[in-house]
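The listed protein sequences derive, respectively, from chains A and B.
Straight run, no breaks: the first sequence in our numbering ends on number 150.
Straight run, no breaks: the second sequence in our numbering ends on number 150.
Positions of the beta carbon are idealized from the N, C-alpha and C atoms, including for glycine.
Protein chains: 2
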Amino acid sequence: MANVAETLREKGLKVTPQRMAIYRMLCETRAHPTAEAIWEKVKEEFPAISFNTVYTTLGILERAGLVQRLHVGEKAAHYDADTSPHIHLCCERCGRVRDLHKAGVDLTEVAQNLRAKTGYEMSKIELNIYGICPECRH
Amino acid sequence: MANVAETLREKGLKVTPQRMAIYRMLCETRAHPTAEAIWEKVKEEFPAISFNTVYTTLGILERAGLVQRLHVGEKAAHYDADTSPHIHLCCERCGRVRDLHKAGVDLTEVAQNLRAKTGYEMSKIELNIYGICPECRH
DNA sequence: CGCTATACAGTAATCATTACTATCTGATTA
DNA sequence: TAATCAGATAGTAATGATTACTGTATAGCG
Numbered sequence: 013m014a015n016v017a018e019t020l021r022e023k024g025l026k027v028t029p030q031r032m033a034i035y036r037m038l039c040e041t042r043a044h045p046t047a048e049a050i051w052e053k054v055k056e057e058f059p060a061i062s063f064n065t066v067y068t069t070l071g072i073l074e075r076a077g078l079v080q081r082l083h084v085g086e087k088a089a090h091y092d093a094d095t096s097p098h099i100h101l102c103c104e105r106c107g108r109v110r111d112l113h114k115a116g117v118d119l120t121e122v123a124q125n126l127r128a129k130t131g132y133e134m135s136k137i138e139l140n141i142y143g144i145c146p147e148c149r150h
Numbered sequence: 013m014a015n016v017a018e019t020l021r022e023k024g025l026k027v028t029p030q031r032m033a034i035y036r037m038l039c040e041t042r043a044h045p046t047a048e049a050i051w052e053k054v055k056e057e058f059p060a061i062s063f064n065t066v067y068t069t070l071g072i073l074e075r076a077g078l079v080q081r082l083h084v085g086e087k088a089a090h091y092d093a094d095t096s097p098h099i100h101l102c103c104e105r106c107g108r109v110r111d112l113h114k115a116g117v118d119l120t121e122v123a124q125n126l127r128a129k130t131g132y133e134m135s136k137i138e139l140n141i142y143g144i145c146p147e148c149r150h
């Protein structure tokens, strides 16, 4: 995370100002923004950037393993620069998504056990929990 | 499951032939079909049934707590008449979704622990694992 | 600097899902 | 059993997220 340009180059991606802005923004937030929210933020720096560029760039970053695409709920996807497997808590009222790293469940370990038991070659594990956050319960 | 009509009536839903066919089909399969697949199957019995009716009926059954709507992958939702919280294994090649009830993780217990720890009022828990199934690995 | 593959902006197309509307039907009451 | 009515159905249109396409611009490399 020290050098955004270097990280992109290591993955074989061309380094462009738009790409750097998108990836840097994701690394600096903990809010799990949607593509639209990322677009709004990056437009402050690049007023001419198109939504399409943001969207396709996020897909490129995901395929390069630099960001995680989250499918919480049924609406637009959220993005996370933390690619380690961890739990996501999603408030059904305000839509906010939070990380939960320590929860008594080691997802990597669960995946390892299941590989031996089921014969599946695991590639991704998603644990999403929905509910109402303390703030929304007044 | 003994009597589909009775189950619907208990939930305060009107009992119609289309509804019974949709719900019965879901109870009898273990394949986690999409709305489209359900439509194709039910059309054998009701050739005039519309996709929309299948789709909205599935939403009604979900809201009544009779079926579970699964968001595995990024494509169309899958449906499951088993509403207990359990793990879903999804093959990224053939798209098949399988249940996994015993996996060393008690999802209900995880949710209980998190409620105390985070203050969230949990309502739903989703654990999806993606990979390649043994069959698709040849 | 000049070349080439690829990124960008803008727009159009696709796909799942939801909304709308005019009939039709299951359940209830007389 | 017939009348009534809330809600279900079929058909179609609208929405919203995602993907595809196209002409131009730019990063990386010699």
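Spatial distance of residue i from residue j (CA atoms)
i, j, result
"T28 (chain B)", "K87 (chain B)", "29 Å"
"L119 (chain B)", "L101 (chain A)", "14 Å"
"R36 (chain B)", "K55 (chain B)", "13 Å"
"L70 (chain B)", "A49 (chain B)", "12 Å"
"V117 (chain A)", "R81 (chain A)", "21 Å"
"L73 (chain A)", "W51 (chain A)", "15 Å"
"M134 (chain A)", "N125 (chain A)", "10 Å"
"T65 (chain B)", "E22 (chain A)", "51 Å"
"T41 (chain A)", "K53 (chain A)", "11 Å"
"G107 (chain B)", "K114 (chain B)", "22 Å"
"D111 (chain A)", "E147 (chain A)", "16 Å"
"L20 (chain B)", "L139 (chain A)", "31 Å"
"Q30 (chain A)", "A60 (chain A)", "10 Å"
Beta-carbon proximity of residue i to residue j, cut-off 8 Å
i, j, result
"Y132 (chain B)", "G143 (chain A)", "yes"
"L38 (chain B)", "Y91 (chain B)", "yes"
"H44 (chain B)", "V109 (chain B)", "yes"
"I137 (chain A)", "A123 (chain A)", "yes"
"F58 (chain B)", "A33 (chain B)", "yes"
"A47 (chain B)", "A93 (chain B)", "no"
"H83 (chain A)", "H83 (chain B)", "yes"
Chain A contact for residue i (CB, 8 Å cutoff)
i, result
"R31 (chain B)", "no"
"C145 (chain B)", "yes"
"I141 (chain B)", "yes"
"R117 (chain B)", "The sequence as given places Val at residue 117 (chain B); Arg does not occur at that position. Yes, its Cβ sits closer than 8 Å to a Cβ of chain A."
"V66 (chain B)", "no"
"E48 (chain B)", "no"
"H83 (chain B)", "yes"
"S135 (chain B)", "yes"
"L78 (chain B)", "no"
Proximity test, Cβ basis, 8 Å: residue i and chain B
i, result
"G131 (chain A)", "yes"
"R21 (chain A)", "no"
"R42 (chain A)", "no"
"R108 (chain A)", "no"
"V122 (chain A)", "yes"
"E86 (chain A)", "yes"
"R149 (chain A)", "yes"
"E104 (chain A)", "yes"
"E138 (chain A)", "yes"
Contacting residues, own chain, Cβ-Cβ under 8 Å from residue i (five flanking each side not counted)
i, result
"E104 (chain B)", "G85, Y142, G143, I144"
"V79 (chain A)", "Y35, L38, L70, L73, Y91, D92, A93, T95"
Own chain, CB closer than 6 Å to residue i, minus 5 neighbours either side, in chain order
i, result
"V16 (chain A)", "M32, Y35, R36"
"Y67 (chain B)", "A47"
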